[in-house]
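Novice: One structure coming up, written as structure tokens, with questions to follow.
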Amino acid sequence: MATNDKVTSFDIATLAGVSQPTVSRALRGDKTVSEATRLRVEAIARQFNYTVDKNASSLRRGKSNTLALLFFEDLLPDESWINPFFLSMLGPILQTCAKRGYDLLTSFQQLSTDWHVDYEDSRKADGIILLGYGDYEIYRTRLEQLVAQGTHFVRWGSVDQHALGMTIGCDNRRGGRDAGAHLIARGCSRIAFLGDASSHYPEFRDRYAGLSDVLREAGHAVDPGLHVDALSTEQSGYEAASQLIARGVKFDAIFAGSDLIAIGAMRALDEHGLSVPDDVALIGFDDIPAASLTRQPLTTVAQDYLHAGEVLVDALIGQIDCKPVTPTLLVPRLVTRMTA
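Yeah, the sequence shown ends on 339 if you go by numbering that gives the first Met the number 0, and it's all consecutive.
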């Protein structure tokens, strides 16, 4: 066998009792390789300090072994930021890329007409992961362009029959139902929703729909006067809650479309002398890190960002490798803290 510093994948294959292609797949984290085989191959590779020559492998397959992660936000005046929920997904995406033998390029994008050109078209990346989108009606035209050009891409968003391209997302309607059911179980019946529930923001729309479902099932009215549009920022949540209070309508709970909206709403309630949760129960959505660090830790609907990162990467690699992949809905989880 070759000396330790020149061990090849064929040597690893001989020692592991498998074929050389199986070694390559195992070290890429390919799920077609059994866990027992993968662990055996990885152990032998570590023993001989063997690592995959990614450049040579990429040349053979005509691939860059690189994925591009593009963050999108609908920028507000004087704001340039990334939603904390999407930042939470960055770590799991990076870790999964590393396990699968891929590098990751990241970029913050506005919805220009050519935002994808510098990636797959130039062969810098084999495919694109899209997080965030701001106004979906504008974003949709860009997705149509990607589909028409045959670009490999996967996005995080609302999963429905009208979704374009491969979509991985949270079951937002179920999350809305869980939040509503929890509030109703606490005795709440006048539940406000803060968030733009139009077709421009389909995830908020689905969360509001889930809340509306359980209200009707419990025999409570869905009052349009208890719905205030808001974008996913603290300031927008503060303004929406202030507007709700100014309407003078009775409400005993708020379900916010995101944690950021809920945190802003909490400040508005406090300024108006309304106690959370005694006067108004409050639930957010996402479970961003700040949700557990507010003055009153926030009850929220958690999205599984750890699993989401893995599913996004695997779905994209599946497309690249011409394997069948399907849209996936991940199940959210209610996290009960002090606000509801």
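For glycine and all other residues, C-beta sits at the position ideal for the given N, C-alpha and C. Keep in mind the model is a prediction, meaning the values are calculated, not measured.
1) Please list, in chain order, all residues of the same chain as Thr335 whose beta carbon is under 6 angstroms from its beta carbon, the five residues on each side excluded.
2) So what's Glu119 in DSSP terms, helix, strand or just coil?
3) Would you tell me roughly how many angstroms separate the C-alpha atoms of Val275 and Glu216, rounded to the nearest one?
4) Is the separation between the beta-carbon of Ile260 and that of Pro83 shorter than 8 angstroms?
5) Can you give me the C-alpha to C-alpha distance between Tyr200 and Lys62, rounded to a whole angstrom?
6) Can you tell me which of the three DSSP states Leu66 falls into?
7) In this structure, does DSSP put Ile128 in helix, strand or coil?
8) Thinking just about the alpha-carbon of each residue, which of Phe254, Leu193 and Lys249 is nearest to the one in Ser235?
9) Ignore the nearest five residues each way along the sequence and tell me which others in Gly174's own chain have a CB closer than 7 angstroms to its CB.
10) For Asp313 and Thr95, I'd like the C-alpha separation in whole angstroms.
11) Use the C-beta contact count for Glu119: other C-beta atoms within 10 angstroms, 16 or more gives buried, fewer gives exposed.
12) Based on the DSSP output, what are the partners of Cys169 in its beta bridges?
13) So, are the CB atoms of Ile11 and Ile43 less than 8 angstroms apart?
14) In the DSSP assignment, what are the bridge partners of Thr293?
15) Can you tell me where the beta strand (DSSP E) holding Ala255 begins and where it ends?
16) Give every residue of the same chain whose Cβ lies closer than 7 angstroms to the Cβ of Gly179, excluding the five residues on either side of it in the sequence, and list them in chain order.
17) Where does Leu104 fall in DSSP's three states?
18) Kindly provide the ranges of any beta strand (DSSP E) runs that are 3 or more residues long and lie completely inside the stretch 222-308, ordered along the chain.
19) Going by DSSP in three states, Arg336 sits in which element: helix, strand or coil?
20) Excluding the 5 residues flanking Pro296 on each side, which residues of the same chain have their C-beta closer than 8 angstroms to its C-beta?
21) Could you say which of Leu315, Leu243, Lys249 and Ala264 lies nearest to Ser231 if we only look at CA atoms?
22) Among Lys98, Ala15, Phe152 and Leu268, whose alpha-carbon lies nearest the alpha-carbon of Phe250?
23) Within this structure, are the beta carbons of Gly317 and Val324 separated by less than 8 angstroms?
24) In whole angstroms, give me the CA-to-CA distance for Arg39 and Leu182.
25) Using 10 angstroms around the beta-carbon of Gly272, count the other beta-carbons present and answer buried if the total reaches 16, otherwise exposed.
Specialist: Quick look at the numbers:
1) Thr298
2) Confidence in Glu119 is poor, its pLDDT being 48 and thus under 50, which makes the residue's placement unreliable; the coordinate value appears in the next sentence. Looking at Glu119 - three-state DSSP - the assignment turns out to be helix.
3) 26 angstroms
4) no
5) 35 angstroms
6) strand
7) strand
8) Leu193
9) Arg206, Gly209, Phe284, Val300 and Pro331
10) 8 angstroms
11) Confidence is the limiting factor: at Glu119 the pLDDT is only 48, short of 50, which leaves the residue's position unreliable, though a coordinate-based value still follows. Buried is the call here.
12) Leu329
13) yes
14) According to DSSP, Thr293 bridges with nothing at all.
15) Ala252 to Ala255
16) Ile190, Gly209, Leu210, Val213, Leu214 and Phe254
17) strand
18) 252-255, 280-285 and 298-301
19) coil
20) Ala290, Arg336, Met337 and Thr338
21) Ala264
22) Leu268
23) yes
24) 50 angstroms
25) exposed
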